[in-house]
Amino acid sequence: MPPRRINKAADFLRNPKVYKSARDRQEEFLKSKGLTDDEVQIAFQRANVLIQEDQRIKMTHPPPHTTLAVQSHPNYMFPQPTRWSKFREMGNTAALLAGLAYGLYMFYKKYIQPYLFVRKKRKTAEELVLELKNIVTSSLITLREELRSVHNDLNGVQEQITHESEAVREIQEGEEKEDGEEGEGADSGSGSSGTEVVAKNGGSDSSLEMIRE
1 MPPRRINKAA DFLRNPKVYK SARDRQEEFL KSKGLTDDEV QIAFQRANVL
51 IQEDQRIKMT HPPPHTTLAV QSHPNYMFPQ PTRWSKFREM GNTAALLAGL
101 AYGLYMFYKK YIQPYLFVRK KRKTAEELVL ELKNIVTSSL ITLREELRSV
151 HNDLNGVQEQ ITHESEAVRE IQEGEEKEDG EEGEGADSGS GSSGTEVVAK
201 NGGSDSSLEM IRE
């Protein structure tokens, strides 16, 4: 004969409000009352037999149309969820959400992030090349303008040197011309004095030769 608590568990499972509930909840409740796994299985088997007998009796002897009070089992009422069970359910839900978030993160990191990173890097390289090209073009334009300015300055200096050289040459030519004119005037003055000396000396040959020397 099974123990008394197995009979009580079978009677509890026999209740129509109880056997219509989930089996795992029934097993959890019976285990919380101190039944072992084997005793729980025996209680379920005995409850099935009792339920089948009840159904057979109802089919053979239908009950009269009267309202019968259902015998309650106060010792086997389902307990209200405790605070610990609520925390446990919340922890399980948080763990499930954390696992889901981690899975999504790994999927993004492995399959989505490399593609986005490559496209962003390629775009940045193109922008750098374009910026470098603009800088080189701007530098060449600036260098060309500076070379043109230096060339103009050199032309101006060369023209100034040319003008100064011409002015110096003209000054030298003028000085040389003045020196030549002064030399010719001195030669002509010396000839008239010699003639006068010859005339005063009565035209002697010796005096003439001395003057010519």
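Residue numbers (UniProt numbering): 1 to 213.
Every residue gets a Cβ at the ideal spot worked out from N, C-alpha and C, and that includes glycine.
Rounded to whole angstroms, what is the Cα-Cα separation between G191 and Q172? Here the model assigns G191 a pLDDT of 49, short of 50, so the residue's position is not dependable, and the following value carries that caveat. The straight-line gap from Cα to Cα measures roughly 30 Å.
What are the start and end residues of the alpha helix (DSSP H) that includes A98? Looking at the DSSP string, the run of the alpha helix (DSSP H) that includes A98 is 83-107.
For a test of the three-state rule: what should DSSP assign to T34, helix, strand or coil? Reading off the sequence shown, one finds Gly at residue 34, where the question assumed Thr. Coil, per DSSP.
Exposed or buried, L35, counting other C-beta atoms within 10 Å across all chains shown (16 or more means buried)? Buried, because 16 or more other Cβ atoms sit within 10 Å of the Cβ of L35.
Would you mind stating whether A22 and R46 have Cβ atoms separated by less than 8 Å? The answer is no: Cβ separation not under 8 Å.
Length of the line joining the Cα atoms of T142 and V136: The alpha-carbon separation between T142 and V136 amounts to approximately 10 Å.
Own chain, CB closer than 6 Å to E39, minus 5 neighbours either side, in chain order: These residues qualify, in order along the chain: I6.
Please state the DSSP three-state secondary structure of S21. In the structure shown, S21 adopts coil according to DSSP, grouped into three states.
Does DSSP put N155 in a helix, in a strand, or in coil? Here N155 sits in helix by DSSP.
Specify the secondary structure class of N15 as computed by DSSP and reduced to three states. Of the three classes helix, strand and coil, the one that applies to N15 here is coil, per DSSP.
What is the rounded straight-line gap between the Cα of R148 and the Cα of I161? Straight-line Cα distance between these residues: approximately 20 Å.
On a Cα-Cα basis, can you pick out the residue from N48, F29, D37, L30 that is closest to P16? Minimum Cα-Cα distance from P16 among the listed residues N48, F29, D37, L30 corresponds to N48.
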